[in-house]
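Number of protein chains: 2
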Amino acid sequence: MREEPHPVTPDEITAAARKSFDGAPDRRLRFLLQQLVDHLHAYVREVGLTRDEWEAAVGFLTDTGRTCTGSRQEFILLSDTLGLSMLVDALQHPVPPGATESTVLGPFHVEGSPLRPMWSSTVEKEGSGEPALVTGTVRGTEGRPVEGALVDVWQNAANQLYAVQDPGQPPENLRGVFKTGADGAFAFWSVRPVDYRIPDDGPVGKMLAATGRHPWRPAHLHVMVSAPGYRTVATHLFDATSAHLDDDAVFGVKPSLVVDFVPHGPEEPGAPEGWNGTWYSVERDVVLVPADD
Amino acid sequence: MREEPHPVTPDEITAAARKSFDGAPDRRLRFLLQQLVDHLHAYVREVGLTRDEWEAAVGFLTDTGRTCTGSRQEFILLSDTLGLSMLVDALQHPVPPGATESTVLGPFHVEGSPLRPMWSSTVEKEGSGEPALVTGTVRGTEGRPVEGALVDVWQNAANQLYAVQDPGQPPENLRGVFKTGADGAFAFWSVRPVDYRIPDDGPVGKMLAATGRHPWRPAHLHVMVSAPGYRTVATHLFDATSAHLDDDAVFGVKPSLVVDFVPHGPEEPGAPEGWNGTWYSVERDVVLVPADD
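These protein sequence lines map, in sequence, to chains E and X.
According to my numbering, the first sequence is numbered sequentially starting from 1.
According to my numbering, the second sequence is numbered sequentially starting from 1001.
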């Protein structure tokens, strides 16, 4: 193989692109980019990517970028639907047995949700869905309750939409942060989440449609728990009755994260005031890994 | 390895993502996406991509998309600077000995340049640079002159900018299409191109800076030639005196594409009217491959 400076054959081009990063001062960045060159070039060769396909890929990425707004992150959707988000998560966050497993953060998390008192509700709009009481305790893997843990929750409404997607909802509807006391316990009212489609009117939706995939995710409540001295966990509570537990469009379901939304009649003790239908309760502890583990 | 539906380990996640495309009706698209999953997942594992690095990558791609406009294509720049554009070109367009080699199209080509008469000039603004006369013949590899070939040319001005980047230039400055007659000959006036930086005020420029790479390309004139019955070739004529022939930021230089801009004094025959300085001439034939080769 000839060396640079005039790469002509595929091997020479790959070697030249790799070598162009030899002088990168940051070792990790150099490694990331040289490996990226190797893997992307290997892909292009192995599939024999044509000029038209290359143009289609450039167009797809450009459209994906154009679809991103302050409240929509199409590249996260792309990463999610290619299984990359779950893979990064799996590599980064192996947890010891008994600890709460993580899953995708998803594109709908909003920083700075309101701090709400325990036993209050995240519901700020009537018609958001069937009431659900969520309770549990934040514990460490060593067994102790965690005081001062922030339990950040967000989810969709009965119309499938998160507040951040839906101008018809108050911006803080169905989201909130709850801070545990000395007993580590949390409790809040919300609604039962529903199965929903990831936003499928953009390039990722087109990719799914073109490949015979559907955009559905199983109903879930997002929970992110952080506490001093512990690793933060971003996870879901999946509804055990969802029809899409087995074919989540973003591969996020883990058996340990599936919970029962236990139905209760309006006459049962604890029923929300003024609600005449079925309501639900979910109980699930969150078990954190000490930061030094 | 367990099968879906609940992938938890990295291997299971990759298998699930791959399998999700099993039902894609288009075989080629299925192959492209399943190989993409394999290669991207292999990359993420091999480098041990962290959550922060994943976030940085999502941010980088989003910024790259936001930088694209009607006249700026940051994803093509990204492909160019990673050597992918030249690799796709090398895989797609191997040409027989004697035929004109191709190189990157680049992000500055504009469809629909004006058809100009032979021997006219593409210069629409004074001060665009030192005059250069470009002549040659379009031939087939079999040796015959090609009649009716469209010679589409574009290049930068003395200020390093292409008209499409520079509101100070008329939009069709330094670009045009010339149609060959029965002799296959072409001839037009332009200016001597200059070394220039690819647009480096966006994410790709940041990537180059962070990795110790420069954004310079060697001076060149773009030529794309198409003719009925022949394969279209998109190529450059590189100035043999450029300081960046050996370190083109996009790996586009091929030895066969380097030409001499021969200097001439204002007193020499053929000098452009009203020009009192040095002018140049370049002679280079374009040899096309029959479409059925």
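No residue lacks a Cβ here, since even glycine has one placed at the ideal position from N, Cα and C.
query                                                                                                                                                                                   : result
Step through the CB atoms of chain X and report whether any lies within less than 7 Å of the CB of R66 (chain E).                                                                       : yes
Is the beta carbon of V1289 (chain X) sitting closer than 7 Å to the one on S1102 (chain X)?                                                                                            : no
Could you name the residues of chain E that K1206 (chain X) contacts, counting a contact when the two beta carbons are closer than 8 Å?                                                 : Ordered by position in chain E, no residue passes the 8 Å Cβ test against K1206 (chain X), which lies about 11 Å from the chain.
My assumption, with CB atoms under 8 Å, is that V191 (chain E) sits in contact with P266 (chain E). Please give the rounded CB distance.                                                : No, V191 (chain E) and P266 (chain E) are not in contact; Cβ-Cβ is about 15 Å, not under 8 Å.
Starting from Y43 (chain E), trace the alpha helix (DSSP H) in both directions and tell me its first and last residue.                                                                  : 27-47
For V941 (chain X), which residues from the same chain have a beta carbon less than 7 Å from its beta carbon, with the 5 sequence-adjacent residues on both sides left out?             : Given a span of 1001 to 1293 for chain X in the structure shown, any question on residue 941 (chain X) remains unanswerable.
So, is R144 (chain E) buried or exposed, given that buried needs 16 or more other C-beta atoms within 10 angstroms?                                                                     : exposed
Where do the ends of the alpha helix (DSSP H) carrying T1137 (chain X) lie?                                                                                                             : Run containing T1137 (chain X): none in the alpha helix (DSSP H); it sits in the beta strand (DSSP E), 1131-1140.
Name the chain E residues whose beta carbon is nearer than 7 Å to that of G1212 (chain X)?                                                                                              : G23, A24, P25
Can you tell me whether V1262 (chain X) is buried or exposed, with buried defined as 16 or more other CB within 10 angstroms of its CB?                                                 : exposed
Run through DSSP, which three-state label would W119 (chain E) get?                                                                                                                     : coil
Taking the alpha-carbon of Y1196 (chain X) as reference, which of X:P1117, X:R1066, X:A1158, X:S1020 has the nearest alpha-carbon?                                                      : X:A1158
In chain order, what residues of the same chain lie with their CB nearer than 7 Å to the CB of V1146 (chain X), ignoring the 5 residues before and after it?                            : V1138, R1139, G1140, T1180, G1184, A1227, Y1230, L1288
Please list the residues of the segment 5-22 of chain E that have a C-beta atom closer than 7 Å to any C-beta atom in chain X, keeping them in chain order.                             : P5, H6, P7, V8, T9, P10, I13, T14, A16, A17, S20, F21
How about R72 (chain E): is its C-beta nearer than 7 Å to some C-beta of chain X?                                                                                                       : no
How is the alpha helix (DSSP H) around G229 (chain E) delimited, first residue to last?                                                                                                 : Per DSSP, G229 (chain E) belongs to no alpha helix (DSSP H) and is neither H nor E.
Alpha carbon to alpha carbon, how far is V177 (chain E) from E1046 (chain X)? Give it in angstroms, no decimals.                                                                        : 36 Å
Give the single residue among E:T235, E:A209, E:P193 whose Cα lies nearest to the Cα of S281 (chain E).                                                                                 : E:P193
Closer than 7 Å by C-beta to P1010 (chain X): which residues in its own chain qualify, once you throw out the five before and the five after it? Chain order, please.                   : R1045
Please decide whether G83 (chain E) counts as near chain X, where near means a Cβ-Cβ distance under 7 Å.                                                                                : yes
Would you say W1054 (chain X) reaches chain E, if we count a Cβ-Cβ gap shorter than 7 Å as a contact?                                                                                   : yes
Below 6 Å CB to CB, which residues in the same chain sit around A1240 (chain X) once its five sequence neighbours on both sides are set aside?                                          : V1258, D1260
Assuming the contact rule is C-beta atoms closer than 8 Å, A17 (chain E) and H39 (chain E) should be a hit. Round their C-beta distance to whole Å, please.                             : Incorrect: roughly 12 Å between the Cβ atoms, too far for contact.
Output yes if chain X places a C-beta closer than 7 Å to the C-beta of V37 (chain E); else output no.                                                                                   : yes
Helix, strand or coil: how does DSSP classify K1125 (chain X) here?                                                                                                                     : coil
Distance, Cα to Cα, E965 (chain X) vs W1279 (chain X)?                                                                                                                                  : As shown, chain X starts at 1001 and ends at 1293. That puts residue 965 (chain X) outside it, with no answer to give.
Taking one C-beta from the segment 1080-1090 of chain X and one from the segment 1196-1207 of chain X each time, how about it: are there three or more such pairs within less than 8 Å? : yes
With a Cβ-Cβ cutoff of 7 Å, do V8 (chain E) and I1076 (chain X) count as a contact?                                                                                                     : no
Could you list which residues in chain X have their beta carbon closer than 8 Å to that of E111 (chain E), in chain order?                                                              : In chain order: nothing, as chain X lies at least about 13 Å away.
Rounded to the nearest angstrom, what separates M1118 (chain X) and P1203 (chain X) at their Cα positions?                                                                              : 41 Å
Would F1075 (chain X) count as contacting chain E if we go by Cβ distances under 7 Å?                                                                                                   : yes
For Y162 (chain E), which beta-bridge partners are listed by DSSP?                                                                                                                      : Answer is none; Y162 (chain E) lacks a bridge partner.
For M1086 (chain X), tell me which candidate among E:T67, E:T50, E:S121 has the shortest Cα-Cα distance.                                                                                : E:T50
Can you tell which of E:P215, E:Q92, E:E172 has the C-alpha that lies nearest to the C-alpha of V123 (chain E)?                                                                         : E:E172
Taking Cβ-Cβ distances shorter than 9 Å, what residues in chain E pair up with Y1294 (chain X)?                                                                                         : The shown model of chain X, from 1001 to 1293, leaves out residue 1294 (chain X), and the question about it has no answer.
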